[in-house]
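In the numbering used here, the protein residues as written are -13 to 386. Reading through the structure tokens given below for one structure.
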Amino acid sequence: MKTILLYAAYTDQMSYYDDWTDAFLEHKNFHTEAINVCGQTCDFKLVTKRLETAELVVLHHSMNGDTLEYLKPFISPLKNRRGKLVSFVGNEVNLPTMSMKEKIKSLKDLDVDIIATQLLQEAGDWLYSDCSKSKIISIPHGLNPAIFSPDRSIKRKIDIGTRSARYGVYIGDNDRNQIIQFFHKNAKQYNFSIDLGLEPGQQKRFNRAEWKHFLNSSVATLSTEAGSFYLEKGDAIVHLILKYLKKKSDKIVLPNEDILRKYYRSIVPSPIRKKVINLLGGNIIESANIDESIDFEGIYEKFFLNAQKCPVYSKAISSRHFDAIGTKTLHIMYPGRYNDILIPGEHYFELAKDHSNILDLKDLLENKQEVNNIVDRTYDYILSKHTHKHRLDAILQALF
């Protein structure tokens, strides 16, 4: 099936972006031409013609995960398409920098044939219920075994290692930050060697090759479910929080995706933005960073404590779970459903939210054979049912 995959390669530090692109290029039933729409070599007129005549067009997670700006130039040709349109959805959570309402509207306006949600099926059905012409299918992340595999030449010198972007207070969920902070504060007490990216001199983020090497250097890693139980179709809570934080801030807050912010981002490359802000006396801040010094508990009590939760289970497994499984790195995770794929005890160590079973974890990490039993069993299970190829096979079945 002749397929065009539209993607936006604006970062090399989100490995799952590359994994999904690789999956389409390697699958024998998708004869894929992958087009990077934010590259200088992207010929808009040529791409437009191909979109209108392609048998299948696939919108990568990167086309709507952080912004719709990469998608907007192609709205018209996508509406005039002859073939099928499949759209993945990145960041299925309410963010101050990317409206869920606008994301859903874009899918509805395009009459997407298949919306591939990372969420559980019932959550996807609820979230995209307004997209009445679209078929919703649950397509969580999977394993890329060609990249994320065990490397016996690397010694696992780190007991517990991870890298994770801090969850903002507007998510209404602090699990990711909480589990990392617990081990950051208590590792010495339990004699764990850790690398959480919080100490001076530690590399903050990794590209895909570096992430694979880091996981192979770690006996175990910390993970939580992605998303929030306060997922909304209309962004009401995140708008209230953003308004509140703007009033409290003594800085100039650059709104998301307005003319001023676009100009600022175009003239100031990402690596030096913070330096520019410092030169300006720290008086400018982007919307995404407005909550950096805000206490989660205060925001939770004010905006989430009495708020109505999503009517369905709205958290999901993430790509980092499969990356670690591929490198045979043990998962330490809080309780959750993980798309009903992973089973506690069998596939990962389930750490109680109050950390009351931390001594059980210590005993497990000291038992190398039991750790190997868990990671080997989990690897074989995921390899048999949950690779990217399995995910694309499910998309083919939904198409036909």
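Glycine included, C-beta positions come from ideal geometry on N, C-alpha and C.
query	result
Contact test: Glu55 Cβ vs the ligand MN heavy atom, cutoff 7 Å	Among the ligands in the structure shown, none appear at all, so the ligand MN cannot be discussed.
His372 burial status per 10 Å Cβ neighbour count (16 or more: buried)	buried
Burial state of Leu246 (16 or more Cβ within 10 Å)	For Leu246, the pLDDT reaches just 45, beneath the cut-off of 50, and the residue's location in the model is therefore unreliable, leaving the point undetermined.
Val44 beta carbon less than 8 Å from that of Leu93	no
Neighbour-count burial assignment, Asn177, 16 or more Cβ in a 10 Å radius	exposed
Limits of the unbroken alpha helix (DSSP H) element including Glu12	Ser1 to Glu12
Residue nearest to Leu182 in terms of C-alpha spacing, selected from Ser118, Ala195, Thr39 and Arg162	Arg162
Distance between beta carbons of Leu106 and Leu113, contact taken as under 8 Å	Incorrect: roughly 10 Å between the Cβ atoms, too far for contact.
Test item: CB-CB of Arg149 and Phe215 under 8 Å	no
Cα-Cα separation between Phe308 and Asn22, rounded to whole angstroms	25 Å
Rounded distance between the beta-carbons of Ser203 and Ile144, thought under 8 Å	5 Å
Cross-strand partners of Asp181 (DSSP beta bridge)	Gly147
Range of the contiguous alpha helix (DSSP H) that encloses Phe169	Asp161 to Asn172
Candidates Arg377, Ile381, Leu337 and Ile360: closest to Ile165 by CA position	Leu337
Contacts around Thr210, its chain only, beta-carbon distance under 8 Å, and the 5 residues preceding and following it disregarded	Asp161, Arg162, Ile165, Met319, Tyr320 and Gly322
Neighbour-count burial assignment, Phe74, 16 or more Cβ in a 10 Å radius	buried
Three-state secondary structure assigned by DSSP to Met86	helix
For Ile381, the first and last residue of its enclosing alpha helix (DSSP H)	His374 to Leu385
Element boundaries [beta strand (DSSP E), containing Phe74]	Lys70 to Phe74
Stretch pair the stretch 115 to 123 + the stretch -10 to 6: three plus CB contacts closer than 8 Å	no
Backbone CA spacing between Lys89 and Trp6 [nearest angstrom]	20 Å
Cβ distance (whole Å) where Met86 is taken to contact Asp4 below 8 Å	So it is not a contact: roughly 25 Å between Cβ atoms.
Gly213 versus His225, Ile223, Ile157 and Phe169, residue with shortest Cα-Cα distance	Ile157
Cα-Cα separation, Lys248 to Thr53	Any answer about Lys248 is weak, because its pLDDT of 49 lies below 50 and its placement is not dependable; what the coordinates show is given next. Straight-line Cα distance between these residues: approximately 12 Å.
Contacting residues, own chain, Cβ-Cβ under 7 Å from Lys348 (five flanking each side not counted)	Tyr176
8 Å Cβ cutoff met for Leu42 and Gly69	yes
Distance between Val205 and Lys219 (C-alpha atoms, nearest Å)	39 Å
DSSP three-state assignment for Met319, whether helix, strand or coil	strand
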